[in-house]
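Numbering (the working numbering), first residue to last: 992 to 1261.
See structure below.
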DNA sequence: CATCGGACCTGTTAGC
DNA sequence: TGCTAACAGGTCCGAT
């Protein structure tokens, strides 16, 4: 489900009620996530006060003394604030009881997400090989151009490679390539520098606009307070196969690249 | 190295 | 109405 804008939206929704709160209890109802939830995580979190919540790529880091909970939402994970009296729902696998009385619940039907422990001062192996954040200075056209030379794989797959740049998932890769006018099937090594210039810009603007809109709610994404995101109404190509291009009215096409559905306008994207 | 396919899971929907 | 197959916002890992 979540790409960078949805994770950032989640982070912003958690921040006001989570930072400064002490964790009174941490219930693991189902430890079988992508990797088993380690017992150490429970020991490390209970009794601690949350000092910050950060995001790196699509991971959330909940900081306490001694380290951080490293949280990934996978395809179907979500975090939600509940009152103590709200009943647990199906797939509510974890719950943090805050001393304020709020309950932070982690729901994840497919269990592709993870909750792990990262000791202070260490970088978890999952984070160690990630490329730059899209809003950082390290992400620019030169990087895209340099790293793509000789690459035969589709530029869409290249853009979704977290070693190149983090946070661009299936929705926003299609959307960015539409805005840049680049055919998603084009070999990454056959995209010129000037076009990567445009791509780097629109990756930032599309992600930024999506964050401003609270993310994209296609089926079930909700913010921690229960409200949907509104970026779905701004999508130009994603999930619009057969519909008219908003720019030229040509029917949007769907193709599969790297086993993922990809959408583009055959007229606007070359 | 780059690239590909399979793996991990459950829920929803389209199609017969 | 019921069954089945395809598909879903991620990404790691092993084989080639």
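We treat Cβ as the ideally placed atom computed from N, Cα and C, and that holds for glycine.
These numbers were taken from a predicted model, which means no experiment stands behind them.
CB contact flag (residue i, residue j, <9 angstroms)
i            : j            : result
residue 1093 : residue 1072 : yes
residue 1097 : residue 1108 : no
residue 1064 : residue 1001 : yes
residue 1032 : residue 1050 : no
residue 1255 : residue 1119 : no
residue 1089 : residue 1009 : yes
residue 1171 : residue 1195 : no
residue 1152 : residue 1191 : no
residue 1175 : residue 1225 : no
residue 1265 : residue 1068 : Residue 1265 lies beyond the stretch modelled for the chain, which goes from 992 to 1261, so this question has no answer here.
residue 1228 : residue 1149 : no
Per DSSP, the bridge partner or partners of residue i
i            : result
residue 1050 : 1047 and 1063
residue 1014 : 1089
residue 1055 : 1058
residue 1019 : 1085
residue 1073 : 1094
residue 1040 : 1013
residue 1145 : 1178
residue 1027 : 1023
Integer Cβ distance of residue i from residue j, believed to fall under 8 angstroms
i            : j            : result
residue 1146 : residue 1177 : 5 angstroms
residue 1111 : residue 1058 : 5 angstroms
residue 1189 : residue 1103 : Wrong, their Cβ atoms sit about 33 angstroms apart, outside the cutoff.
residue 1122 : residue 1162 : Between residue 1162 and residue 1122 the Cβ distance is about 19 angstroms, and since that is not below 8 angstroms, they are no contact.
So, do the segment 1198-1207 and the segment 993-1003 have three or more beta carbon pairs nearer to each other than 8 angstroms? yes
Kindly provide the ranges of any alpha helix (DSSP H) runs that are 4 or more residues long and lie completely inside the segment 1086-1130, ordered along the chain. 1116-1119
List in chain order: all unbroken beta strand (DSSP E) runs of 3+ residues lying wholly within the segment 1174-1259. 1244-1248 and 1251-1255
Under 8 angstroms: do the segment 1032-1046 and the segment 1012-1024 share three or more Cβ pairs, one atom per stretch? The segment 1032-1046 is in contact with the segment 1012-1024.
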